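Take a look at the structure below.
There are 2 protein chains.
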Amino acid sequence: MSEGSFSKPRAAKKQSVRAVDDAEAGGLKRTGDKRERILRAAVEVFARQGFYKTRVSEVAKAAGVADGTIYLYFDSKDQLLLSLFEDRIEKLLTFLAKEIAALASPEEKLRRIIELQLGLLDGERELAEVVTIIVRQSNTLLREHAAPKFLAYLDAIASVVAEGQREGTFRSDVSPHLVARAVFGALDGIALTWALGKPEVGALKRSASQLSALILGGIRSSERTSP
Amino acid sequence: MSEGSFSKPRAAKKQSVRAVDDAEAGGLKRTGDKRERILRAAVEVFARQGFYKTRVSEVAKAAGVADGTIYLYFDSKDQLLLSLFEDRIEKLLTFLAKEIAALASPEEKLRRIIELQLGLLDGERELAEVVTIIVRQSNTLLREHAAPKFLAYLDAIASVVAEGQREGTFRSDVSPHLVARAVFGALDGIALTWALGKPEVGALKRSASQLSALILGGIRSSERTSP
DNA sequence: GCTTGCTGAATGAACCTTCACTCATTCTTC
DNA sequence: GAAGAATGAGTGAAGGTTCATTCAGCAAGC
């Protein structure tokens, strides 16, 4: 009687926790994870061409589905982008939270955050690009929806900073939120110039350690008084 | 979609827009400022709505000009954006160069750069937004053209860092270009969250000094040897 | 096992709105 | 009144969205 509760796609919020599977052996296969396939294709194409220059038909082609199929899973092109964003940020946040919880000192945590974000940028550049670009698309529905999720990420960083300040290992004359923004921005800035240029191999590791040194050096509390 | 109720209607802004005084006494003269008027309108509207969501007719209206007039000064909508970018970055670069040249130590220079960029973000947020958004629009002619100018700006920062390293006041185990990117990114990140939220008054001053402290603290060579 | 009928996911060509751009006409200035 | 500047309604193309049609999968009837 349950008549397959998930059987109908109809652009609903259907949260498929479907992760990585489906070896795409042949062309037509099981129709299980169309939604996920479309999302992946979208990340790829949006990152390469930008949202506005991407035709819905291109996403469809990349996903190996018909144009119309996309509208069985998403209400509109805008909604597709928004879903993409929410879906991915969500995962990133939970992953980050778990990783950080395991570490003891704020300093280690901060270092790990830097590593993780740069790692994400390196490994899933496309996703990272889409995310940061989206955050910058101006005052639209997208921005309104994206902002809360994004701010949650910043809060996560800020709370690490605050922790360090309570402990006394971090200087307390700077606002945790400001530091969070600056750290995020620094990481993003590096990603940006990578995106503009050519990504060298090994750049990641070097950047991460240098950046950690820089940021930790700046934030560590010290006797030294700044002029 | 409703009009972006993000930015308050500042009537004061209007007046400063009128840089070039066109004598209305004799009606329209050699309207040499049409181009400039269009550029200013474009900055404003692009920042509010984003490039792709902005209609050429909206820019025209904001500039107080007919649609067709825009095409007397710019070849296309894309060209308008590109011209805008080049024109403004150019000015920013020369201004920055002059400001910095006057200062003695790399430390002061860096501090001034931070002040200036944040000041720009505060005073001409719209322009700053357009610039950073544009830099992120993917693989297009725009990107190809925008990148060099943008990189020139980064180079300017990097050379200050390099100077400090030669002098011995800055730690030399970090790449100047990395630092430049990080600094730019940090500033940009702060702007971004300002843009997402509400800009408090006085936030600028505080942010600038905190950020200076943070960055200089991070970059200063730990050996306090005076050369 | 084979046929028939039903269901609904998937398709993609056509539709229809939205704009970037054009150009015949009108206005300004000298 | 000529020359140029400015106008803005009109045009054509582009591309997001729709929907009539297809067809794989399944169940019941034979």
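Line by line, the protein sequences give chains S and G. Read left to right, the first sequence gives residues 3 to 229 (our numbering). Read left to right, the second sequence gives residues 3 to 229 (our numbering). Each residue gets a CB set at the ideal place from its N, CA and C atoms; glycine is no exception. For clarity, every value in this text was computed on a predicted model and none was experimentally measured.
### Task
Spell out a yes or no on whether the region 157-171 of chain S and the region 99-116 of chain S are touching, meaning 3 or more CB-CB pairs, one atom from each, closer than 8 Å.
yes
### Task
Using only alpha-carbon positions, find the residue among G/SER59, G/PHE97, G/GLN51, G/ASP89 that is nearest to G/GLY121.
G/PHE97
### Task
With a threshold of 16 other CB atoms inside 10 Å of the CB of S/GLU131, please say whether the residue is buried or exposed.
buried
### Message
Taking the alpha helix (DSSP H) that G/LEU105 belongs to, which residues open and close that run?
### Response
First-last for G/LEU105: undefined, no H or E at that position.
### Task
Return the residue from the list G/SER223, G/GLU126, G/LEU216 that minimises the CA-CA distance to G/GLY170.
G/SER223
### Query
Looking at the unbroken alpha helix (DSSP H) that takes in G/LYS55, where does it start and where does it end?
Note, G/LYS55: premise wrong, no alpha helix (DSSP H); not H, not E.
### Query
Anyone know if the C-beta pair for G/PHE76 and G/ALA148 falls short of 8 Å?
no
### Query
For chain G, is any of its Cβ atoms less than 8 Å away from the one on S/PHE172?
no
### Task
Between the Cα of S/GLY191 and those of G/LEU156, G/ILE221, G/GLY219, G/VAL45, spot the shortest distance and give me the residue it belongs to.
G/LEU156
### Task
Reducing DSSP to helix, strand and coil, say where G/PHE186 ends up.
helix
### Message
Distance cutoff 8 Å, beta carbons only. Does S/LEU180 sit that close to anything in chain G?
### Response
yes
### Query
Using a beta-carbon distance below 8 Å, is G/ALA184 in contact with chain S?
yes
### Message
If you reduce the DSSP assignment to three classes, tell me which class S/ARG222 lands in.
### Response
strand
### Message
Can you pull the chain S neighbours of G/GLY220, defined as C-beta to C-beta under 7 Å?
### Response
LEU216, ILE217, GLY219, GLY220
### Residue environment, G/SER57, which counts as buried when at least 16 other CB atoms sit within 10 Å
Note on residue identity: the sequence assigns Arg, not Ser, to residue 57 of chain G. Exposed is the call here.
### Message
Helix, strand or coil, according to DSSP, for G/PHE76 in the structure here?
### Response
coil
### Task
Please work out which residues of its chain come closer than 7 Å, Cβ to Cβ, to S/PHE186, disregarding the five sequence neighbours upstream and downstream, and give them in chain order.
LEU156, ILE159
### Task
Answer yes if the region 58-73 of chain S comes into contact with the region 53-68 of chain G, meaning at least three C-beta pairs across the two stretches below 8 Å, and no otherwise.
no
### Query
Under a CB-based cut-off of 8 Å, is G/ASP157 close to chain S?
no
### Where S/SER305 meets chain G, residues with beta-carbon distance less than 9 Å
Here chain S comprises residues numbered 3 to 229, so residue 305 of chain S is not present and cannot be evaluated.
### Task
Could you tell me whether the Cβ atoms of S/LEU213 and G/ALA184 are closer together than 8 Å?
yes
### Task
Confirm, please, whether the CB-CB distance from S/ILE40 to S/ILE72 is below 8 Å.
yes
### Message
If we define contact as Cβ-Cβ less than 8 Å, is G/GLN81 a contact residue for chain S?
### Response
no
### Task
Would you mind telling me which residues of chain S sit closer than 9 Å to G/VAL176, beta carbon to beta carbon, in chain order?
GLN212, LEU213, ALA215, LEU216
#### Entry: Proximal residues of chain S, C-beta to C-beta of G/SER161 below 8 Å
Those do not exist, as G/SER161 stays about 16 Å from chain S at its closest Cβ, beyond 8 Å.
### Query
Taking only beta-carbon atoms, is G/ASP230 less than 8 Å away from chain S?
Outside the shown range of chain G (3 to 229) lies residue 230 of chain G, about which nothing can therefore be said.
### Closer than 8 Å at the beta carbon, the chain S residues around G/GLY239
Within the shown structure, residues of chain G are numbered from 3 to 229, placing residue 239 of chain G beyond reach of any answer.
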